[in-house]
Each structure stands twice: as C-alpha cells, then as structure tokens.
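Novice: Take a look at the following structure, please.
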Amino acid sequence: MQILPSLSSSPAARRAARTAIVLAASLLGTALAEAQDATAILRSAFDNWRAKSSTATIEMVIHRPAWQRSMTMLSWTEGHNKSLARFTAPAKDAGNATLTIGGQTYVFNPKLNQVIKIPASTMAQSWMGSDFSYNDLSKSEDLLSEYTHKITSTARSGGHKIYVIEAIPKPGAPVVWGKIEARVRDDGVFVKETFFDQDLKPVRVMSADKIAALGGRAYPVVLTMRQSNKANQWTRITTTKAAFDVSQPSYLFTKSNLQNPRD
Amino acid sequence: MLLALAWRNLWRQKMRTALSLLSMALASAILVFMLSFQLGVYDTMKGNALRIFDGFAQIQPPGYQDDPDIKKVIDNPDALVRAALKIPGIDAATERATGFVILANGEQSYGGAVVGVDPKNEPGVTSLAAAVHDGRYLRPGDSDVIVMGSVLARNLNLKLGDRVTLIGSGLDGSVAADSLRLVGLFHTGMADLDRQIAEMPLARFKDTFAMGRAANVVALAGPSLDGVDAALPALRSLAAGNGLTVADWRALEPAIDQGITLDFSTGILFYVSLVVVVVFIILNTLLMSVLERTREFGMLLAVGMRPGKIGVMVWYELIFLAVLGNAIGIVLGGGLALYFQIQGIAFAGMEAMMAQYGLPDRLYPALSPTSVLAGPLVIVVSVMIAGLVPYRRIGALKPVAAMGAA
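In order, the protein sequences belong to chains A and B.
Each step along the first sequence adds one to the number in numbering that gives the first Met the number 0, with nothing skipped, and position 6 is 5.
Each step along the second sequence adds one to the number in numbering that gives the first Met the number 0, with nothing skipped, and position 142 is 141.
Dropping the structure here:
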C-alpha cells in the first residue's frame, strides 16, 4: 500500500463494478464471486485512499530505539503512478524530494543540486530513513494487480463491518511478499495491512491509528508502519491537510520540476 | 634380541621388503605432499581473502555482522584501536564506517557500499591499496575523493577524475549526500568487492554521514592469522568491556570457512582410502609371509620359544617396515613440497576461478609439523593395529602341526 494517495475511478464506475459483481455472483456461483468481491472491496479502498489526484501535507515521524525524528512534506499525486513528495522540515532535510513517474523513482538532493534515479536493485531500501521502501511509493498497485484475493472472515468494529482479505501472489508475480492480509472497512477505508514473508511469517504491519473525515471523505489520517521483528521501531505518517480530485498542472510530475520547483 | 631378529628377518626377503617399503613410502609421500599443499592453499586463501578487505578479525557492535546498519556504532573507536594494538599478535588496527548508498553519475546509478577508511592505518590492515591498478589509493590528507571497484566504475560510466555523487542515510536519519572525485580503481577478482565497494576518507565520511566521532567497526590484522586467532580471547574481553563483540575470520568470511571444510572433508575421504589400501597391501604381504614361514615358526616353537614372543617378533618386523617406509615417504613428499614451496605451482587457465577465492596465480604448499607428520602417523598406527592379526594367528600354532606344514 502506498503512502501518497492517488488515482481512482469515479463513484459511478464503482457502482457499476459492484452491480457487475452482484450479477456475476448470481451467475457463476459463490467461490468466484467471493474472489471478485474481495478484489472489488480492495479496489474501493484504493479508490477512497487515493482519488483522481491529491494534494496533501504529511508529517512523518520515524521512531528508533535510540532516537526519533519528525519530518514534514508536501505531497502531490495524480493517477496511480505519479507522485511527488517534497520535504519542508527539518531544515537539514528540507528540499529533498522524491518523484515517481511511470515506474521510475527519482530523488532530488539540494546539497548536490542533482536528480538521482533510484536503481532497481535499491528499490527495496528504506525511503528517507523510514520503515517504508521506495517500492512502497511506486508499487502499491501490486496488491491489486499481482495478487489473488479472498475474504477469509468479517468482523464488526465501531459500527462498521470489516472485511479481512487474504492476498496471495499470483504464480510468478514479481513481488517480495509471501502474503498480504488487508483489513478494509465497509466504507472503503484501510484499517490494517500485514505483510508476510515467503515463509508466511509477519514482517511488518501497517495500521490506521486514526480514521477521520479529511477532504470530504473518511480517511486513515494516522498510519503507522511497524517492523514485526524489531521492537520499538516504527514510522508514523499523519496527513494534516488534504484535497482530493484537484487538477494538477502538467509540469508538476517532471524531472525539471523535481530539480527546480516552480512554486 | 627380538628386535635384532626382526630386523634380520626383514632382510631375508629383500625384494618383498623393498616392495612393501616402496608402496608405503609412496603412499606416505603422497599424503605429506597433498596435505602440505592443501593446508598451504587454505592458508593463502584465508590470508589473501581476509587481507584484501576484512582484516583478520573485527571488533563490531552486537549484531553488526548479520545486519550491517550504519546506526550500530562504536562510540570510542580511537581508544579501541590503541587498546587493540597493545594485544600481542595484533600489529595493525583501523576504524571504519560503512554506508549503503546510491552512487550516481548523471543518469547512471547503482547501489553500493561506501566505506570510510583511515588512509593512514588502513594499509596496515588490508591490501586493497595493492589492488589499485588505475590511479591511486587514498592518502592521508585526502578529502573529497573516492576509490572504487573497477566493475562498479564501469557500470557507472566513470573515468578517473570524474565526479561521482552518493546519496544515503546518515547516522541521525538525515539524508547523507556527497560529491567526490574518483582517483583510483581497484580490481581484486572478487566479484562482490569489484562490483559493490567504494572507499572514501573516514573524516569526510563521518562528516557526510553525521557520525561525529563514532565508527562502525575496528578491523584488525597481525603478522599471522594464527597469531590473531590466538589473540581472540584477549580481543573478546576488550570488546566485551565496551559492550561490543569480535567477529573472527570464520564469521567474516563464512563462505571460505565452509569451502575449506567441504574441500577438506572430500580430501579426508581420499586420504582415508589411500591409508586403507596401503595398510591392506602391507597386511596381505605380511600374512603371506607368516603362512610361508609356518615351518620356521614351528621350529622356533619346538626349540622352546613361546608363541607370544614369535608374535611380538613378527609385529616388530611390521613396525620396522612401517617406520622405515614412512621415513622415506616423509623425505620424498617433504622434499617435493619444499621444492614447490619455493618454486610455486602454476595452474594455467584457472586464474579467474582462483581469483574468486582470493588466490594468486601460483600456489605454494606449506610444510608444517601437522602436514608432515599427520599422514605417516596414521599409516604407522593403522599398521600397528592391523599387525595384531598375524600376532593372533601365530598364537594359535601347534609346533608339530606347524612343522608338518608345507
């Protein structure tokens, strides 16, 4: 799942999809329907999480046993594969920026005044020292496209129904996880995501610590990523301001804008 | 008296004795030479592979070897370097810091490890400087320079004098970025080093990665690997006093340790079959001679010699044979090993494969008490044990029946 929201289909399309699923369920039987249902729920969560586009102010706290640091960034997204994050605080990191376009990730460092492409071999490494990797930025759609989905159970919490969806990588899918378990609320909000390694042991857990109205929708405002095998080590992202479905200027997601911001 | 008899008996059948001696001598010569060669190569392999980058041992923060995170640090590396140098067996120590970074040149970028090294102390511990084939190694007083593996530089399209940028994560979690001038390329033949490693001056590294005075490891070396291994207990107590651990050469280069263990186990199989074959050949000859000499033994019994004494006599013959044969074998095998220890053995066409294990073009056997004595000793002891078979046989002889034998 990704930190920076982006893309979606319209509510109308979503309704159409649900209608189609209901139809399919009656025609093809429950097993297939359940798989499609699970996929549809995940897709609606993605749609809620991102929008056609978004502009947000995000605070990121990185916690380690020995220290903790807090950073602030502005983020812009459009569609499902364009995102830009520009750090504004602390002073030491201000100006560093990360751009994801078309599957490639670039970083800008103000000290070097240079744009550096992140090589494929290091995409799994930590992004800005956090518990998120570059892959988390650019490959969040994998959960939809590279996995098969199944609802394993449902639960109720705070007046909402919560679907527990198990995602198993499709054969030969280029993914690092052995399994992902996602908990999605019936209104399409990600509640929790657990990442398992190839031995199906949990590696890290991302949970929505606070769900509130933001930019006109229910939104996981505070998300925390915890490493399962490293106590006292986590990264928390808090979205303080957000606007969705705004129109983004075309120059925004370009390498030249990464290096020389126009705004 | 029995010894003299045994000695004389041995030379009654000159041809047979000579043949037995020869087979034993050849077997033990092979053992001595092979063992000297094998152990010699292992030593070179360990020494070279460790010398090139790791050092013979390292003082590290706990867990660093498995997960070399820049955030696992040694707070007082300079004091530790001084203390380590006081330990007998250690003659060089140097602090280092390592960051995993993205190295970039324009559009080209690769992941790699950049190691901050102290240009003054590092050459005492490692020989990477000697592997620099283009340009130069780091010098004291250097600041914004870097040396890297030739493959890494080629992947990045870098030439000497070019600027390379690196970006990674500092000790405090901030973005660490720097721009450095490439002054040297090294080629070690070890793919991991040539493809992934770059070195920059430690002072600059500490600045860029916000390390303060801290370092990640203290690398150690001494005149010999055995000497450093012997110093491990002292090193461990020094490290433990600072809340740190020691990684010995096996921990630093587990692949080499496992490779040696595997190679040695297959070697042992070969040696064991050689010893078994030789011991059976000798035993066979001896049993034949005992059968042949049944009449003679019957005579000895008849004149009043006790069966036990005859058995001991035959056993002595066997030991003479074994000791003499192995003495010749040691001279032959040891001499051969000594010759190649000076000359070296070249393996044409295998240089690249050998370079991967940190081996030079020529290999040298190394004579040591172990390599010289282990093989022959095993043969002698096995023959002594096998000699109990004819001894028991003689014990069962009856004088009249024996004299009546063919």
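For every residue, glycine included, the Cβ atom is placed at its ideal position computed from N, Cα and C.
(1) Excluding five sequence neighbours on each side, which residues of the same chain lie with their C-beta closer than 6 Å to the C-beta of B:L237?
(2) Alpha carbon to alpha carbon, how far is B:A26 from B:N283?
(3) So what's A:I179 in DSSP terms, helix, strand or just coil?
(4) What did DSSP end up calling B:Y315 once you bin it into helix, strand or coil?
(5) Just to check my reading of the structure: B:M312 and B:L4 have Cβ atoms closer than 8 Å, yes? What is that Cβ distance to the nearest angstrom?
(6) Please identify the residue among A:S206, A:F195, A:G187 and A:M224 whose C-alpha is closest to the C-alpha of A:S43.
(7) Identify whether B:A220 lies in helix, strand or coil by the three-state DSSP scheme.
(8) Whose CA, out of B:R292, B:A351, B:V380 and B:R361, lies closest to the CA of B:L396?
(9) Tell whether a beta-carbon distance below 8 Å holds between B:S410 and B:H186.
(10) Among A:S53, A:R49, A:F45 and A:E58, which one has its Cα closest to the Cα of A:V221?
(11) Rounded to whole angstroms, what's the CA-CA distance from A:G94 to B:D177? Just pull it up for me.
(12) Can you find at least 3 beta carbon pairs, one from the stretch 251-265 of chain B and one from the stretch 65-72 of chain B, that sit closer than 8 Å?
(13) Starting from the Cα of B:A345, find the closest Cα among B:R212, B:D360, B:A336 and B:G334 and give me that residue.
(14) Which residues in chain A sit within 8 Å of B:M110, going by Cβ to Cβ distance?
(15) Enumerate in chain order the residues of its own chain whose CB-to-CB distance from B:V227 is below 6 Å, with the five nearest sequence positions on each side excluded.
(16) Taking C-alpha atoms, which residue in B:I280, B:I341 and B:L201 lies nearest to B:E94?
(17) Should A:P89 be listed as close to the ligand SAM, given that the test is whether its C-beta is under 7 Å from any heavy atom?
(18) Between the Cα of B:V163 and those of B:R180, B:D171 and B:I309, spot the shortest distance and give me the residue it belongs to.
(19) Return the first residue and the last residue of the alpha helix (DSSP H) that B:M383 is part of.
(20) Once DSSP output is grouped into helix, strand and coil, what is the label at B:I51?
(21) Who are the neighbours of B:E106 on chain A, taking C-beta pairs under 7 Å?
(22) What do you reckon, are the CB atoms on B:L84 and B:E316 nearer than 8 Å?
(23) Run through chain A and tell me which residues come within less than 7 Å of B:I101, C-beta to C-beta.
(24) So which residues of chain A does B:T97 contact, with C-beta pairs closer than 8 Å?
(25) How is the beta strand (DSSP E) around A:R68 delimited, first residue to last?
(26) Rounded to whole angstroms, how far is the Cβ of B:M199 from the Cβ of B:V113, which I believe are closer than 8 Å?
(27) What are the complete alpha helix (DSSP H) segments, minimum 4 residues, inside the stretch 93-152 of chain B?
(28) Tell me whether the stretch 239-253 of chain A and the stretch 46-55 of chain A touch, counting them as touching only if at least three CB pairs, one residue from each stretch, are closer than 8 Å.
(29) Please go through the stretch 13-79 of chain B and give each complete alpha helix (DSSP H) segment of 4 or more residues, from N-terminal end onward.
(30) What would DSSP say about A:M205, mapped onto helix, strand or coil?
(31) Assuming B:P398 contacts B:L300 under a Cβ cut-off of 8 Å, what Cβ separation, rounded to an integer in Å, is found between them?
(32) Consider the Cβ of B:I69: report whether some Cβ of chain A lies at a distance smaller than 8 Å.
(33) Taking CB distances under 8 Å as the criterion, tell me whether B:G172 reaches chain A.
(34) What would DSSP say about B:N215, mapped onto helix, strand or coil?
(35) When the Cβ atoms of the stretch 149-168 of chain A are set against those of the stretch 127-136 of chain A, are three or more pairs found closer than 8 Å?
(36) Look at the Cβ atom of A:L73, then the Cβ atom of A:T99, and state whether they are nearer than 8 Å.
Specialist: A quick look at the data gives this:
(1) A82
(2) Roughly 16 Å between the two C-alpha positions.
(3) Strand, per DSSP.
(4) helix
(5) B:M312 to B:L4, Cβ: 5 Å. Contact.
(6) A:G187
(7) strand
(8) The shortest Cα separation from B:L396 among B:R292, B:A351, B:V380 and B:R361 belongs to B:R292.
(9) A query on residue 410 of chain B cannot be resolved here, the shown segment of chain B reaching from 0 to 405 and no further.
(10) A:E58
(11) 15 Å
(12) no
(13) B:D360
(14) The sequence given here has Gly at residue 110 of chain B, not Met. Here the neighbours are P118, S120, T121 and Q124.
(15) F55, A56, G88 and G221
(16) Closest option to B:E94, Cα to Cα, is B:L201.
(17) This structure lacks the ligand SAM, and indeed carries no ligand of any kind.
(18) B:R180
(19) P368 to A385
(20) Correct three-state label for B:I51: helix.
(21) Chain-order list of chain A residues neighbouring B:E106: K116, by C-beta distance under 7 Å.
(22) No, they are not a contact pair.
(23) I115, I117, P118 and T121
(24) Correct list: empty, because the minimum Cβ distance to chain A is about 14 Å.
(25) Q67 to E77
(26) 6 Å
(27) 121-124
(28) yes
(29) 13-48
(30) strand
(31) 4 Å
(32) no
(33) yes
(34) Residue state for B:N215 is assigned as coil, using DSSP reduced to three classes.
(35) no
(36) No; because the gap between Cβ atoms is not below 8 Å, this pair is not in contact.
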